[in-house]
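This report refers to the structure that appears directly beneath it.
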Amino acid sequence: MTPPEEHLTFPGRPLGWTVAVCVVAFAVVLGLVAAHWPPLLTGDQAADSAAHADVLAQPWLLSAARAATTAGSSLVVDVVAAVVALALLIARLWRGAVLVVVARLGELASTTAVKDLLARPRPTLVDPVDHAAGYSFPSGHAAGSAAVYGALLLLVLPRAARWARALLLAAGTLLICAVAASRVLLGVHYPSDVAAGMALGLAWVGVAALLVTRFRPGGVAT
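By the numbering used here, the letter at position 115 of the sequence shown is numbered 387, and the numbering carries on one by one without gaps.
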């Protein structure tokens, strides 16, 4: 009987293009932030100010942002990744477990390194509704959510019924975007921070998928 993990196959070419697009997007935003490009900085400040005004005027939006940001916190993301990886190992789907772990750890290491290297200060607001420690670029919440929840989507979608795939994809995308948007609404990140975070997280999902596919019999699928 074929071991269950051998059914874990991802198309190498689309994954390669996805990784390339995400890496380029991340590098472009990183370069613009590092160069202090005025249009980007102005847009970031204007978006944060507008989001902050909306949150102050609409309490339900603040509550929603706090709930969404919790789903992307390091604790929640790490617990989800650990539980899923353990469940996959118990089911003898070790390639799936490796995918989730590599996506999370690779993203976490990259996010930490870039934060320390760039050292971008967080937004400063007159009447803040939340606070966060550390540097601003890229958003760890956005990157972690994209990496872990993106990896889960990649594992679940091929096994889901055809009618459920669009629903799952929409739900997963909405969750990742909601976490990213919540960081701007709470005034602890700029839009460029969360955009770069999502790109970085998704890039690591692609890298992890290519890795586990390459180390299976027959090599990378095309």
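We put the beta carbon where it would ideally sit given N, CA and C, even for glycine.
For Y421, three-class secondary structure by DSSP: By 1-based counting over the sequence shown, the position of residue 421 is 149. Helix at Y421.
Contact under 8 Å by Cβ, L371 with A443: In the sequence shown, the residue the question calls residue 371 occupies position 99. In the sequence shown, the residue the question calls residue 443 occupies position 171. No. Outside cutoff.
Coil, strand or helix - D402 by DSSP: Numbered from its first residue, the sequence shown carries residue 402 at position 130. Coil, per DSSP.
Supposed contact pair L397 and H308 - C-beta distance, whole angstroms, cut 8 Å: For this step, residue 308 is matched to residue 36 along the sequence shown. For this step, residue 397 is matched to residue 125 along the sequence shown. About 20 Å separates the two Cβ atoms, so there is no contact after all.
Three-state secondary structure assigned by DSSP to G459: Numbered from 1 along the sequence shown, position 187 holds the residue referred to as residue 459. Three-state DSSP puts G459 in coil, outside helix and strand.
Inter-residue spacing [alpha-carbon to alpha-carbon] between L389 and Y407: Counting from 1 along the sequence shown, the entry for residue 389 is found at position 117. Counting from 1 along the sequence shown, the entry for residue 407 is found at position 135. The alpha-carbon atoms of L389 and Y407 are separated by roughly 10 Å.
Endpoints, alpha helix (DSSP H) assigned at Q317: Walking along the sequence shown from the start, residue 317 turns up at place 45. Element bounds for Q317: 310 to 329.
Which listed residue (H413, G473, D399) has its alpha carbon closest to that of A329: Here residue 329 refers to the residue found at position 57 when the sequence shown is read from its first residue. Among H413, G473, D399, the Cα nearest to that of A329 is on D399.
Burial state of G490, where buried means 16 or more other Cβ atoms lie within 10 Å: Counted from its first residue, the sequence shown places residue 490 at position 218. Note that G490 scores a pLDDT of 44, beneath 50, so its modelled location is shaky; the value from the coordinates is reported in the next line. G490 comes out exposed.
Of the residues S335, P310, T485, the one placed nearest D402, counting alpha carbons only: Position 130 of the sequence shown, counted from the start, is the residue given in the question as residue 402. Comparing Cα positions, the closest option is S335.
Rounded C-alpha distance that separates R364 from D350: As a first step, residue 364 must be located in the sequence shown, where it is residue number 92. As a first step, residue 350 must be located in the sequence shown, where it is residue number 78. Cα to Cα, R364 sits roughly 21 Å from D350.
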